[in-house]
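Everything on this sheet refers to the single structure shown next.
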Amino acid sequence: MPDHLHAFVGLDDQKIDPPGWIKSLKNTLSKALRFDGIPAPHWQKDFFDHVLRSEESYEEKWHYVRENPVRAGLVKRWQDWPFRSENL
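Pasting the structure below:
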């Protein structure tokens with residue numbers, strides 16, 4: 004999506020602080036964006052996370068993410084979105 008990011012990430016929160024991990028990810032991506040000439044700001048200060056508790060929940064969320072470009076009117080079918088994870 005042109006204005007936000009979805010990521011399915013598995014972390015051991017006993018060893019890795021999820022907010023700290025997100026901050027590090029944003030910093031790393033911002034450095035790459037600046038290198039490519041894209042000026043800051045790149046991110047909102049906060050982030051929204053959601054804990055997936057079952058396979059059904061995972062499938063539901065994955066379907067939602069796949070359909071985002073369709074809902075935004077960017078493509079007619081999710082399969083046509085060139086930036087989906089299967090293409091990266």
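Take the sequence shown: its letters are residues 4 to 91, numbered as in this note's numbering. Built from N, CA and C at the ideal position, the CB exists for glycine as well.
Burial state of residue i, where buried means 16 or more other Cβ atoms lie within 10 Å
i: residue 85; result: exposed
i: residue 44; result: exposed
i: residue 21; result: exposed
Coarse secondary structure for residue i, derived from DSSP in three states
i: residue 25; result: helix
i: residue 82; result: helix
i: residue 18; result: coil
i: residue 50; result: coil
i: residue 35; result: helix
Cβ distance (whole Å) where residue i is taken to contact residue j below 8 Å
i: residue 50; j: residue 25; result: 5 Å
i: residue 79; j: residue 73; result: 7 Å
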